[in-house]
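Letter 14 of the sequence shown, counting from 1, is numbered 1290 in my numbering, and no numbers are missing. Beta carbons: idealized from backbone N, C-alpha and C, even for Gly. Below is one structure, written out as structure tokens; comments come after it.
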Amino acid sequence: MTTDNPTTSDDIEFFQQNGYIRYENFFSAEETASLKQAVDHAIDTHRARIKGAANDGRSSDEYERVFNQMVNLWTDYPAAKEIAFHARLAQSARLLSDSRHVRIYHDHAMIKPPGQKSKETNWHQDAPYWPMEPVGALSAWIAVDDVTPANGCLHFVPGSHQYGRLEAIKLGVEGESIVDKMKDQGYDVPEPVTMDMAAGGVTFHHGCTFHYAGPNQTETPRRAFAIIYIPDHTTFTGAHDAAGAAQEMQAGGPWDHPLHPILAGD
Ligand SMILES: O=C(O)CCC(=O)C(=O)O
């Protein structure tokens, strides 16, 4: 472990038990300043949600009220690439997931709109949406703005990754909640923890960790930028690839593609 990496062996144990970890002040204001500009440019120019996808990857009106989600800004914006490929961040992902190396699946900006039209990000897991086997991939979620319960910070259910991969939840649809579904089945789901933090802070969460963000009740958008990392032992299922490389990879094979470079390890 290099000395400038914040991830300690205690952090690894904490993450493996709880399925999340928070690093406050991971990035300095200087490091996130250009990322902010890149995200704002993408918003102002109505950048495609997913480049090359039908209707530019735009989803239902209800989904857009959860967030404006734009995938793979790293392919357009050097400032986004600097953070998405950040060696210290990727090294933390590698250590937390106990991998020899990690690749990028994709980055995504998630801008939760403010005010009346804003909707919660329903309780869900990420793994049901990811074409990966086995589970073990994880996300780093970077606060581009200060985040609190009022503007839609993340909340996690500690230890919920240990339930494994469950069903996909429909984001933006009332009543859809993986926490409620588990409680209805008699599970004693632990109380969530609230991940408020200043801009530049980072949380990591396992793909099976239950997570949620409330509606943005403030008057300004909540900007976040997340990177999904693929551990070395993870194969591509062939179902789809949000980064657009599905046709060029083999189902059951490795994620060996220029859109999914190794970011830490060998
Ligand atoms: O930013 C949000 O509201 C939710 C983020 C999320 O679901 C994720 O990063 O997996």
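Check, Outcome
"Neighbourhood of Met1346 by C-beta distance below 6 Å, restricted to the same chain and skipping five residues each side", "Ala1318, Arg1323, Arg1325 and Ala1385"
"Ser1415: CB within 7 Å of a non-hydrogen atom of ligand 1", "yes"
"Cβ neighbour criterion (16 or more within 10 Å) applied to Arg1376", "exposed"
"Nearest-angstrom beta carbon gap, Ala1369 and Tyr1505 [assumed within contact, 8 Å]", "4 Å"
"N-terminal and C-terminal residue of the alpha helix (DSSP H) that Ala1500 is part of", "Per DSSP, Ala1500 belongs to no alpha helix (DSSP H); it is in the beta strand (DSSP E), Arg1498 to Pro1507."
"Three-way DSSP call (helix, strand, coil) for Phe1480 in this model", "strand"
"C-alpha gap between Thr1283 and Phe1291, whole angstroms", "10 Å"
"C-alpha gap between Glu1338 and Gly1541, whole angstroms", "40 Å"
"Through-space distance from Asp1280 to Ser1336, alpha-carbon basis", "43 Å"
"Range of the contiguous beta strand (DSSP E) that encloses Gln1345", "Asn1344 to Val1347"
"Residues that DSSP places opposite Asn1492 in a beta bridge", "Pro1390"
"Neighbourhood of Ala1305 by C-beta, 8 Å cutoff - its chain only, sequence neighbours within 5 removed", "Ala1475 and Gly1476"
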